[in-house]
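Before any comments, here is the structure.
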Amino acid sequence: FFNGKSLPGNVTGYGGWGGGSYELTTEQDYTAGNKTGSIKWNTPPNTWALWDGLVFTMANPVNMYVNWPTDSLHFAIKADAGLDSLKIVLSDDDEDGGGADLEYESFYMLKENTVGYDGGWKVVNIALKDFDRNGGAWNGSAMQYDKMMDNTRVLKLKILIGSTLGVGKIVYLDDIWTGTPTFDWVASDPPGNLGVIPSADFYNLVIWSDVDGEVGESYSVYTSRKPIEDITAAGVEKLASSIVEGTQSLAHSIYYPLVNHELTTYYAVTCTDAAGNESLPAKSTGFANIAKGIPTIALNAPANFTIDGDFSEWQAAGIKPWVLKPEVNKVIGTVTDSLDLKATVYLAVDDDYLYIGVDVVDNVYNFGSGNWWD
């Protein structure tokens with residue numbers, strides 16, 4: 012689940028629903044001298060977030076049935092005393108979405124006195140056979156215990172706080188795995204043949220070639236208004252990540268405030284191998300194209316703003332509205348044309364107020380009974 016440096020390409024991480032978070036950091040490292048880093052986990056800050064925490068999800072379920080009687084979950088952990096219990100969960104997958112099958116859990120309660128947290132690194136090994144596979148499943152309103160967790164379809168590892176004493180802590184985790192995996196800490200070569208094809212339809216098509224010899228890798232695309240030297244530098248935006256191998260292109264829509272305007276844009280593409288190592292970037296030169304002018308929140312309020320259904324002051328101020336209509340926007344339900352439904356939306360802001368003007372045309376007029384205007 013974590014090789015000591017990165018999450019493998021087939022694993023995604025989630026900080027939980029209760030306000031917690033995680034990041035990969037070099038602040039701490041279980042193996043001194045490796046300088047590969049660890050996971051810094053900020054546990055949920057809210058006492059109502061009991062049984063929340065880190066979730067690692069594999070891209071596809073893994074059959075662990077054969078190894079279940081003999082294998083262990085291994086990880087290193089660094090925390091101060093007072094963390095209290097952690098609930099360690101391995102869960103299967105929900106095979107049928109809204110159907111009868113649910114995500115069933117196996118769990119192990121890791122007690123503080125078992126680990127002995129004291130601010131230093133501790134190694135934890137939990138035999139898989141010691142997980143209680145009757146951990147149940149959440150059915151949307153309550154826990155349901157009609158099935159055992161299916162260890163032929165293991166999908167997630169969860170590390171959850173087991174009491175409110177675990178709220179608002181900083182915990183470091185490292186080397187999280189089962190079995191005896193081998194590790195790849197060497198990044199691939201950068202993608203090849205990076206190019207950009209400007210389109211007259213207000214987008215740039217970024218293209219590249221996949222890295223030879225890699226399997227299960229993914230790609231990330233970055234952009235900037237200036238030449239890219241470092242993908243982590245200020246002004247560099249990540250357009251997309253986890254682009255699967257074989258895709259080899261990304262359309263980047265380009266915009267400019269209010270009017271069509273020529274922009275010069277720079278791009279970079281990296282390859283992240285199946286072990287989670289990100290390559291050095293392939294970098295482009297600048298490409299000029301016309302960006303589409305779009306409405307913005309005006310920084311000048313309309314003069315003599317009055318709530319009277321008259322939008323002339325907005326128009327006199329030259330404030331460009333958003334126009335929402337079925338000819339150019341996606342709709343829900345059946346909307347025939349702009350005579351059926353159209354909205355013209357104005358927004359402006361000053362130091363004190365947000366100003367909103369909405370002019371809606373609808374072929375069906377609805378109004379309340381009585382003095383509804385009051």
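So that you can map any letter, position 120 of the sequence shown is 131 in the numbering used here, and since no number is skipped, the others follow by simple counting. Each residue gets a CB set at the ideal place from its N, CA and C atoms; glycine is no exception.
DSSP places residue 116 within a strand segment (E or B) once states are collapsed to three. Cβ-Cβ distances below 8 Å link residue 303 to 213, 264, 265, 266, 267 and 271 in the same chain, with the five nearest sequence neighbours on each side left out; the list follows chain order. Beta-bridge annotation (DSSP): residue 194 is not paired with any residue.
For residue 24 and residue 326, the gap between their C-alpha atoms comes out near 48 Å.
Sequence-distant partners of residue 163 (beyond 5 residues in either direction) whose C-beta falls short of 6 Å from its own C-beta, in its chain, are 74 and 76. Residue 194 places its beta carbon less than 8 Å from that of residue 286. Residue 137 and residue 251 have their C-alpha atoms spaced approximately 37 Å apart. Within the same chain, and ignoring the five residues on either side of residue 225 in sequence, the residues whose Cβ sits closer than 6 Å to its Cβ are 199 and 284. Relative to the Cα of residue 148, the nearest Cα in the group 16, 190 and 100 belongs to 100. According to the DSSP assignment, residue 53 belongs to the beta strand (DSSP E) that extends over 49 to 53. For residue 264, the enclosing beta strand (DSSP E) starts and ends at 260 to 264.
For residue 250, the secondary structure class from DSSP, reduced to helix, strand or coil, is strand. Check the Cα spacing between residue 62 and each of 154, 41 and 49: the tightest is with 154. Counting only residues of its own chain and dropping the five nearest sequence neighbours on each side, residue 150 has a CB closer than 7 Å to the CB of 113. In the structure shown, residue 323 falls within a helical segment according to DSSP collapsed to helix, strand and coil. By the Cβ criterion, the stretch 289 to 302 is not in contact with the stretch 314 to 330, since fewer than three pairs of Cβ atoms, one from each stretch, lie closer than 8 Å. Spatial neighbours of residue 248 in its own chain (CB-CB distance under 8 Å, excluding positions within 5 residues in sequence) are listed in chain order as 233, 234 and 235. Burial state of residue 59 is exposed, judged by a 10 Å Cβ sphere holding fewer than 16 other Cβ atoms. According to the DSSP assignment, residue 123 belongs to the alpha helix (DSSP H) that extends over 123 to 126.
Distances from the CA of residue 202 to each of 169, 131, 289 and 241 were compared; the closest alpha carbon is that of 289. Annotation for residue 163: no beta strand (DSSP E) segment contains it, and DSSP assigns it neither H nor E. In this structure residue 50 touches residue 185 by the C-beta definition: roughly 7 Å separates them, less than 8 Å.
Exposure of residue 363 is indicated by the presence of fewer than 16 other C-beta atoms within 10 angstroms of its C-beta.
Exclusion of the five residues before and after residue 371 leaves 354 as the residues of its chain whose Cβ lies within less than 6 Å of its Cβ.
The way I'd put it, the stretch 171 to 178 doesn't touch the stretch 79 to 86; fewer than three beta-carbon pairs between them come closer than 8 Å. If you draw a straight line from the Cα of residue 170 to the Cα of residue 274, it is about 46 Å long. 8 Å or more divides the Cβ of residue 281 from the Cβ of residue 220. For residue 298, the beta-bridge partners assigned by DSSP are 276. For residue 351, the CB contacts under 6 Å within the same chain, skipping 5 residues up- and downstream, are 374 in chain order.
In the assembly as shown, residue 228 is a buried residue. Its beta-carbon has 16 or more other beta-carbons within 10 Å.
At the C-beta level, residue 269 and residue 307 come within 8 Å of one another.
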